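Have a look at the structure below, then the notes.
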Amino acid sequence: MNLLRKILFPFAILYGFITSIRNFLFDKGILKSTSFDIPVIAVGNLSVGGTGKTPQIEYLIRLLSDQYRIATLSRGYKRKSEGFVLADATSNAEILGDEPFQFYQKFPNIQVAVDANRTNGIQQLLSQKNKPEVILLDDAYQHRKVKAGFYILLTSFDDLYADDYMLPTGNLRESRSGANRASIVVVTKCPKNLSEEKREQIRLKLKLSCSQQSFFTFIDYDDMVYGKEEKIAVNELKSESKLLIAGIAKPTPFFDYLKNETDECLTFPDHHHFSDADLDAIKNKANGRKIITTEKDYVRLKDSKLVSQLYYLPIKSTFINHQQNFDATVLEYVKTNSAT
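Here the numbering used here = 1-based position in the sequence shown + 646.
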C-alpha cells in the first residue's frame, strides 16, 4: 500500500460508513429494491478492477442459452449513448460499451442491453415481444435498487476482498460484509494447480456462511489468435516478434502468456477509446509486425486502420473442480424461479 493511500485512510472509514448505512437502509426496506418474477442473476465484485466478470458472464450464457431465452444487461461503461439501448445490427462498441458489444458479437442468439438504471433496463427488456426468460446483470452487485434472485460474487486469487480495504485506501466499493449477499463466491484467476489445502485456507479467510458455496476458477487461454480473415496457432506465434497491446485492468497475465524476448508491450487504461493518434502510435510501434490484443480491445479496434495486422486472443473461465456443482446450483435456481 503506498503512502498516499495510507494517508487517505480516514476517508476510507468515512466511505465505508456511508456505504454501510446505504446497505442497511436497503436491507431494512427503507430504500426500495425492485424484484422481478423471472430469474435475475447478478454477477459482480466488492472491489474495483478486473476480477473476470466478462468470462463469468460468458460462462453463464453458454450454460443457460440452450434451454432459456437469455438477456444480458450492463450499464455500458464509457459508452457514448444514453438511456436504454437494445443491441441490433447498427450497434458498435461506442454505442454499447466494449463488453456488451463483445457479448452481442459472440452470442447472436441472446438479447444484449445497456442501461445505467437497471430497474428500467429490466422493465424495458420484459416489455419486448420476445422477452427473455433469464436476465444476467453484469457488474451489478452494488446496484441495490434491483433485488436479484441470485448473486455471484467474484474475487481475484491475488487480490481477495478479505485482504483489501475500502476506497481510497484500498479498492473495495463496500465493506467485506457485503459478501453476505452472495449466493456463490467464485475465486477467479487462480493458478491451475491450486491445491485443496490452499483452497481451504482461502475459504476460511473469506468467512463464508454455511449457506454459501465457493468455487475456484482460472483463466484459460485459447490456443489460437484470430484476425479478420485468418487464425494462427499460439505456439507458432510465440516465436515471432510482435506487438502486444491491452486496455484492460490487469494485463500482465495476457502479456506473459504470449510474449517472448523480442516482443514489445503497450498498455492503455481499462476500457480505453483509441484515438487516431493512438492508432498511429500503435502502427508505428508495430513497424509491420503482427499486433495481438485482448478480445475486449479487439471489438474497439476491429474496424480501425490496424485491422490488416490485428489479432485477438480469446479467454474463458474454467473451474479447477466442482464445475458440475456450480452448474447444478445455477440451473436449479433458474428452473425453480422460472414461469411454468
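We put the CB at the ideal spot given by N, CA and C, even for glycine.
Keep in mind it's a predicted model, so treat the numbers as computed, not measured.
Residues 730 and 767 of the same chain have their beta carbon placed closer than 6 Å to that of residue 761, with the five preceding and five following residues left out of the count. Beta bridge pairing from DSSP links residue 690 with 799. Closest in alpha carbon position to residue 905, among 914, 655 and 892, is 892.
Each of 742, 790 and 710 was checked against the Cα of residue 680, and the nearest Cα belongs to 790. Taking the Cα of residue 780 as reference, the smallest distance to any Cα among 801, 867 and 756 is reached at 756. Taking a contact as a CB-CB distance under 8 Å, the pair residue 799 and residue 692 counts as one, their CB atoms being some 7 Å apart. Within the model, the alpha-carbon separation for residue 880 versus residue 861 is close to 29 Å. A distance of 9 Å or more separates the beta carbons of residue 670 and residue 792.
DSSP places residue 910 within a strand segment (E or B) once states are collapsed to three. Assignment of beta strand (DSSP E) within the region 866-928, counting only whole runs of 3 or more residues, yields 870-872, 877-879, 888-892 and 910-913 in chain order. The C-beta of residue 773 has fewer than 16 other C-beta atoms within 10 Å across all chains shown, which makes the residue exposed.
Taking 9 Å as the cut-off, the Cβ atoms of residue 694 and residue 786 do not count as close. For residue 757, DSSP records a beta bridge to 717. Less than 9 Å separates the beta-carbon of residue 815 from that of residue 651.
Around the C-beta of residue 659, fewer than 16 other C-beta atoms lie within 10 Å, and the residue is accordingly described as exposed. Between residue 764 and residue 782, the gap from beta carbon to beta carbon reaches 9 Å or more.
Positions of the beta strand (DSSP E) runs, each at least 3 residues long and wholly inside the region 770-851, are given as 780-784, 796-802 and 830-834 in order along the chain. Counted as a single uninterrupted DSSP element, the beta strand (DSSP E) harbouring residue 959 occupies residues 956-959. Boundaries of the beta strand (DSSP E) harbouring residue 938: 936-940, taken from the DSSP string. Per the coordinates, the alpha-carbon of residue 934 lies some 19 Å from the alpha-carbon of residue 959. Separation of the CB atoms of residue 701 and residue 961 is rounded to 6 Å, and the pair is thereby assigned contact status at 8 Å.
Rounded to whole angstroms, residue 876 and residue 952 show a C-alpha spacing of 15 Å. Taking C-beta separations shorter than 6 Å and ignoring five residues to either side along the sequence, the partners of residue 834 in its chain run 697, 698, 800, 802 and 863, following chain order. Residue environment: residue 804 is assigned as exposed (fewer than 16 neighbouring CB atoms within 10 Å of its CB, all protein chains considered).
Inclusion of residue 888 and residue 938 in the CB contact set at 9 Å is warranted, their separation being smaller than that value.
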